[in-house]
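If you read the sequence shown in this note's numbering, its first letter stands for residue 178, the second for the next number, and so on.
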Amino acid sequence: MFAPDGIHRIYTPLSNSDIRLLTVESCDEGSISCYLHKIPLSVELKYTALSYVWGDQSTKKVIKLNEHLFPVGTNLYKALQDILQLDWFTKDSYLWVDAICINQDDNIEKSKQIPRMAQIYSSASRVIASIVPTDGLTEDDFKLLSGLAQEVKSVRDVGIDPVTLRQSTDEKSGGDSWRQRPYDLLMELTTLPWFSRVWVRQEVALAAEWPTILIGRYQMPMSDLCDLWCTVSNEREMFDQPRLRGMANIRMMIHHTGVVLKELGLALDTSGLLLHVMLSYGVAKATLPHDQIYGLLGQVYALIEKTNNPPLPSQLTPDYTKPYEQVYHEFVVYILEHTGDLRILETVYRELDGVPSWVPDFRYLGSDMTWNIPKVKANLKLSESKNELRVEGVRTSILKAFLPRMANASLCLSDLRDRVNDFEERIIKPSAEITNTPLETVRKKWFDNISKNIKREEEELYQKLLAIIVEQPDINLSEYSLVMDDASVRFLVFLDNIYVLFQNGNFGVCNRRDAVIGEDDILCLFKSAHHPSILRPVASGYVFVASCTLTDYIYSDDIREEWFFNQSQCEVFNLI
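Next up, the structure:
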């Protein structure tokens, strides 16, 4: 279908100032024909940049590229088809598409072109976000949302903000039931893969204007999407949309840098800007592990330029010839040496080999931690080899017991009852006994400090299962299950954690969901860490196991205060 030597006839080397752009047109029988053009990137150049999800690359469609057959993913093929239907797009319109305009088989070219993507997206006349419809969100569903967004925009244009519009419509409609259908569709939309991709975040943040979402024949500017969200949801629900919030926050910071930094009370240098961007989003997806970092650098470059800070060191320039584990190691060393901020160590999973235990797996960073800025810097020092991290901290306790994740994580009532029983017997009751605290008080502290995302209905469900354990211990529940809904799923996720209990009676959740807990593990507090840390003593030092969130929430507050460490017995932990 595609001769390997054809790649050399399609791609010729780029000069330092050149990028490639496409012109696209339909051919007979609906096929697509494209032509590549090498053009210097300049302010005067008018082109559209495409944002999309690569998707499954095992199935390919074929286009013509410079008269040669060229395979593209099905998502890109659909995006090109949809763009060709747009009224303003002609055969003379220029389009930038990463999968075609960058030679994906040339790692050297990728390492040079990827740092330019910030300029490519910020210089584009418009950015189109092509999203593939699903069974849960059809083109007709998006047409409904697009129409509602237009109505909200027309009202906003006359000076009425979305919150006022929502309250007014609630009053006229006698309640908020009118919001449910668009709210459900927006939830479906924002959980689609496009919103979770690393590169998409950069594309949204750097675009000169908010990107326009394109699904089939229908369009909606992302700015209108955010206004529609504010209209049909409550403020708290909007805040709980980390994907939208992260995109909006970084975009605001890039386009209004001085105002945002002043409001946050931040004066960030180059390393601080890098850390801030990394901590803004949480878990994201990328085809290549390297891109968990490289996909953020365009935003960092833009902020560096806005704040007149020096560039990142040359050794952090994108280099796809390096193993991604090495890339992760080099970046965290730079951040730790320059910021002394241990928040970067927290991940929800870790699948790295060949690097120290304290190197975070950037594929699984925790949720937005930018708000929780430490008041103190960690006292740390890296060894000459950069493989050992010496950190000053306070040893507070030793592990007493732990409860691993559920063997059968299901909504079957018998499994849930057994899990509640195990949790009570192995964690709650021993903690109450150690601290000489009533069981109900221990449970309340758990719900208040650990389970903040759990709502009243899930807490009531826990109490009902607890009552069954006490009053009907022999009842057979194997044939009964909870109905699959948001509340039941939250309850299952809530129970399916690794729980840890320490000898001082404090207990909580291990924040890394794949951690292996050991009986000799200790609890430590480090300056500038987001949470307390679990360490494992070994012959040459300590293994960093994970962070944890504890019921005694004062620990999380204390590690951000200088006075706590001044009055505590500190020691140096050599993390390997």
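A virtual CB, placed ideally from N, CA and C, is assigned to each residue, including glycine.
Being a predicted model, the structure only gives us computed values, none of them experimental.
Excluding sequence positions up to five before and after A444, its CB lies less than 6 Å from no other CB in the same chain. Across the structure, K704 and E514 are spaced so that their CA atoms are roughly 14 Å apart. Straight-line spacing of the CA atoms in P537 and T728 works out to 25 Å. C-alpha of K558 to C-alpha of Y541: approximately 25 Å in a straight line.
Taken in chain order, the whole beta strand (DSSP E) runs of length 3 or more contained in the region 542-580 are 557-559, 566-580. P370 sits in a helix when the DSSP states are folded into three classes. If you check the CB distance, C725 and L712 do not come in under 8 Å.
Judged by beta-carbon spacing, L218 lies within the 8 Å limit of S194, meaning their Cβ atoms are closer than that value. According to DSSP, P217 shares a beta bridge with D195.
If you draw a 10 Å sphere on the C-beta of W740, you find fewer than 16 other C-beta atoms in it, and that means exposed. Between the alpha carbons of C204 and N252 lies a distance of about 19 Å. In this chain, the alpha helix (DSSP H) harbouring L452 covers 447-455. Bounds of the alpha helix (DSSP H) holding I645 are 633-648. W265 carries a coil assignment under DSSP once its states are collapsed to helix, strand and coil. Short of 6 Å from the beta carbon of N280, and not among the five residues preceding or following it, lie these beta carbons of its own chain, in chain order: Y188, E286. Listed as beta-bridge partners of F703 by DSSP are G570. DSSP places Y719 outside any alpha helix (DSSP H); the residue lies instead in the beta strand (DSSP E), whose first and last residues are 718-727. For N284, the enclosing alpha helix (DSSP H) covers residues 284-290. In this structure, the beta-carbon distance from L227 to L213 does not fall below 8 Å. Rounded to the nearest angstrom, the Cβ distance from I699 to I675 is 16 Å, too far for a contact under 8 Å.
Shown here for V510: same chain residues with a beta carbon closer than 6 Å to its own, the five before and five after excluded, namely K563 in chain order. Going by beta carbons, I305 and L391 fall inside the 8 Å limit. Sixteen is the threshold: when 16 or more other Cβ atoms of the shown chains lie within 10 Å of the Cβ of V454, as they do, the residue is buried. Nearest C-alpha to D269 among S587, V201, E634: V201. Look at the beta carbons and you see the region 638-650 not touching the region 569-588: under three pairs across the two are nearer than 8 Å. Look at the beta carbons and you see the region 292-302 not touching the region 245-261: under three pairs across the two are nearer than 8 Å. Your pair E634 and A664 checks out as a contact, with CB atoms roughly 5 Å apart and the cut at 8 Å. Here the alpha carbons of D259 and G324 stand approximately 19 Å from one another.
DSSP places R394 outside both helix and strand once states are collapsed to three, so it counts as coil. The three-state reading of DSSP puts R713 in strand, counting E and B together. One alpha carbon belongs to M430, the other to E502, and they sit about 29 Å apart.
In this structure, R303 and Y526 do not form a Cβ contact; the two beta carbons are roughly 37 Å apart against a cut-off of 8 Å. Residue pairing of H433 in beta bridges, as defined by DSSP: absent, with no partner found. Under DSSP, L272 takes part in a beta bridge, and its partners are L199, T225. Following the DSSP letters along the chain, one finds A664 inside the alpha helix (DSSP H) bounded by residues 663-672.
In the structure shown, the three-state DSSP call for R527 is coil.
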